[in-house]
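*Asks:*
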Amino acid sequence: MADCDNLKIVNDIYGHEAGNLLLQALARNFRHCLRGCDSAARYGGDEFTVLLPNSSLETAEMVANRLKETMVASGFNYNGNVITTSISVGIASFPQHGDTEEALLRHADEAMYANKRKSKNQVTAQ
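Counting with our numbering, you get residues 834 to 959 for the letters of the sequence shown.
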């Protein structure tokens, strides 16, 4: 589970069009960093889920860090302003963190929000 760390700030400063473009940039970043068998989807608001089939916890952490690093390094121009963002990522792995979709989502969500409370722009496995 990944959450855009500053969507509200972008919406407040630049407007919702810029916020929507930020979410699109995040989705493009996922598409470029994931394998063909992986899936990313907007879960709601500024949260995304990423499914990495047949991947170890270590691989998931590596992919999450790549997503995080490329997001911080990229940005887009909006009316002459370069807008960048960071993401907070929580990881849950089957079967270590649960054997149902609900359990895995709950654990990933808890790990993600622990990051946001701590310092944002982090990757944590629950």
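Ideal Cβ placement from N, Cα and C applies to all residues, glycine included.
All figures in this text were calculated on a predicted structure; none of them were measured in a lab.
Are the stretch 853-863 and the stretch 925-943 in contact at 8 angstroms, needing three or more beta carbon pairs?
*Replies:* Not touching, per the Cβ criterion.
*Asks:* Pick from Y946, I846, R868: whose alpha carbon is nearest that of M895?
*Replies:* Residue R868 is the option with its Cα nearest to M895.
*Asks:* Would you check if there are 3 or more beta carbon pairs closer than 8 angstroms linking the stretch 932-947 to the stretch 885-899?
*Replies:* Segments in contact, no.
*Asks:* Can you tell me whether A906 is buried or exposed? The criterion is at least 16 other CB atoms within 10 Å of its CB, across all chains shown.
*Replies:* By the 10 Å Cβ count, A906 comes out exposed.
*Asks:* Spatial neighbours of G908 within its chain, please: CB distance less than 7 angstroms, with the 5 preceding and 5 following residues excluded, ordered by chain position.
*Replies:* The answer, listed in chain order, is V915, I916, T917.
*Asks:* Starting from the Cα of F881, find the closest Cα among M945, A958, D932 and give me that residue.
*Replies:* Considering only alpha carbons, the answer is M945.
*Asks:* Only counting runs of 3 or more residues, tell me where the beta strand (DSSP E) segments fall wholly within the stretch 873-916, in order along the chain.
*Replies:* Runs of the beta strand (DSSP E) inside the stretch 873-916: 880-884, 909-911, 914-916.
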